[in-house]
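According to the numbering used here, the sequence shown holds residues 13 to 114 in order.
Here a beta-carbon is modelled for each residue, glycine too, at the ideal position from N, C-alpha and C.
These figures come from a predicted structure and were not determined experimentally.
Reviewing the structure listed below.
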Amino acid sequence: RLVVARGAGLALYAIDGTVLASAQLEAPAAAIAMAPHGQAAIVALTNGRLVAYTLHPPLERWREWPRAGAPLTCVCVASDTILAGTAAGEVLAYQPLPPSGA
Numbered sequence: 013r014l015v016v017a018r019g020a021g022l023a024l025y026a027i028d029g030t031v032l033a034s035a036q037l038e039a040p041a042a043a044i045a046m047a048p049h050g051q052a053a054i055v056a057l058t059n060g061r062l063v064a065y066t067l068h069p070p071l072e073r074w075r076e077w078p079r080a081g082a083p084l085t086c087v088c089v090a091s092d093t094i095l096a097g098t099a100a101g102e103v104l105a106y107q108p109l110p111p112s113g114a
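Put into structure tokens, the structure is as follows:
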């Protein structure tokens, strides 16, 4: 599966290019990172919001974190934290997602 953002839209594709699901975002996406084990796509938005969308069932909004004070520009996921960078040059640390099914 492949998750793609374009503007304020998010889409989940099968490996053969078939669109499996799509979602409208509240603001354009700046970056996407996959959660460990592929349980969710974590999307950094240009309005400063960090949002996780489940991939099973596809693209349901699962979790969001407090809005940053500036647009988010990047995101990466480690085993014990989520890091996001802002347009103001800050690096923010967020609590990780709970394990699948929690």
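Taken through DSSP and simplified to helix, strand or coil, P110 comes out as coil. Buried is the label assigned to G97, since at least 16 other Cβ atoms lie within 10 Å of its Cβ. Comparing C-alpha distances from R13 to each of P78, T93 and P69 shows the shortest one belongs to P69.
One alpha carbon belongs to R73, the other to Y65, and they sit about 4 Å apart. Residues A41 and I44 of the same chain have their beta carbon placed closer than 6 Å to that of A17, with the five preceding and five following residues left out of the count. Shown here for P108: same chain residues with a beta carbon closer than 7 Å to its own, the five before and five after excluded, namely D92, T93 and I94 in chain order.
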